[in-house]
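A quick write-up on the structure given underneath.
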Amino acid sequence: MNPVLMGFGLAVMIGSAAMVPFAKSSGVKLGYERGLAAGRAECQQDTIDELTVLITSSQYLVTTAHTASQQLAKTISDRQQADATSTRELRHALALTAAERAQCRFDAVSLRHVESARDRAAAAAAGGIGSAMPTASGHE
């Protein structure tokens, strides 16, 4: 065998052997970094999924609150209209007998209107704002 080639072959083998720990170290580091990146990506995806659920839940709650707010506004409006109607009826009934009231005399119709208004007010106060409004006729 040629001594130069043997020497060159020996030098290549020694050089290759010296590079094995470096290559192994680089491979381990590369694998670690890839694993770390995959773990981070999975964690980020879990966070995105959780935030998506939170946003969806929040949108549902906002929609529900808006619906409840509109229902409450309608109930308040209905209450105001019922109050205005009963006030108008009471004023009309009292206007018919204004002269007699000045002498502290009330006719039966006026007293029935006052009593009916008192009963409706008591029912509305006891039932709360979300309950059905008693009507002037006494039927709900």
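Mapping of the sequence shown onto this note's numbering: position 135 corresponds to residue 135, and the numbering continues sequentially without gaps. Backbone N, C-alpha and C define an ideal beta-carbon position, used for all residues, glycine too. Please read all numbers here as calculations on a predicted model, not as lab measurements.
Practice task
Kindly list the residues whose CB is nearer than 7 Å to the CB of T97, restricted to its own chain and excluding five residues on each side of it in sequence; keep chain order.
Solution key: Here residue 97 is taken as the residue at index 97 of the sequence shown, counted from 1. Result list for T97: F106, D107 and S110, in chain order.
Exercise for the section: Could you tell me the distance, in whole angstroms, from the CA atom of E50 to the CA atom of A124? Expected result: Start at 1 with the first residue of the sequence shown, and residue 50 comes out as number 50. Start at 1 with the first residue of the sequence shown, and residue 124 comes out as number 124. Roughly 45 Å separates the two Cα atoms.
Exercise for the section: Indicate whether R120 and S86 have their beta-carbon atoms separated by less than 9 Å. Expected result: Counting from 1 along the sequence shown, the entry for residue 120 is found at position 120. Counting from 1 along the sequence shown, the entry for residue 86 is found at position 86. Yes. Within cutoff.
Problem - Inter-residue spacing [alpha-carbon to alpha-carbon] between G31 and G39 - result: Start at 1 with the first residue of the sequence shown, and residue 31 comes out as number 31. Start at 1 with the first residue of the sequence shown, and residue 39 comes out as number 39. Spanning the two alpha carbons is a distance of roughly 12 Å.
Exercise for the section: Buried or exposed for A93, please, with buried defined as at least 16 other CB atoms from any protein chain shown within 10 angstroms of its CB. Expected result: As a position in the sequence shown, residue 93 is number 93, starting the count at 1. Buried, by the Cβ-count rule.
Exercise for the section: Assign A93 to one of three DSSP states: helix, strand, or coil. Expected result: Against the sequence shown, residue 93 aligns to sequence position 93. Of the three classes helix, strand and coil, the one that applies to A93 here is helix, per DSSP.
Practice task
Could you tell me how far apart the beta carbons of A68 and L90 are, in whole angstroms, since I believe they sit closer than 8 Å?
Solution key: Taking the first residue of the sequence shown as position 1, residue 68 is located at position 68. Taking the first residue of the sequence shown as position 1, residue 90 is located at position 90. With a Cβ gap of about 32 Å, A68 and L90 do not count as contacting.
Problem - C-alpha distance - S141 paired with I48, whole-angstrom precision - result: This structure leaves residue 141 out entirely; the chain is present only between 1 and 140.
Exercise for the section: Could you check the C-alpha separation between Q45 and A65 for me, to the nearest Å? Expected result: By 1-based counting over the sequence shown, the position of residue 45 is 45. By 1-based counting over the sequence shown, the position of residue 65 is 65. Their Cα atoms are separated by approximately 30 Å.
Practice task
Whole angstroms is fine: what's the gap from V114's alpha carbon to S77's?
Solution key: Translated into the one-based positions of the sequence shown, residue 114 becomes position 114. Translated into the one-based positions of the sequence shown, residue 77 becomes position 77. If I take the Cα positions, the gap works out to 23 Å.
Exercise for the section: Output the distance between the C-alpha atoms of A175 and A126, rounded to the nearest integer angstrom. Expected result: Residue 175 lies beyond the residue range present for the chain, which begins at 1 and ends at 140; the question has no answer from this structure.
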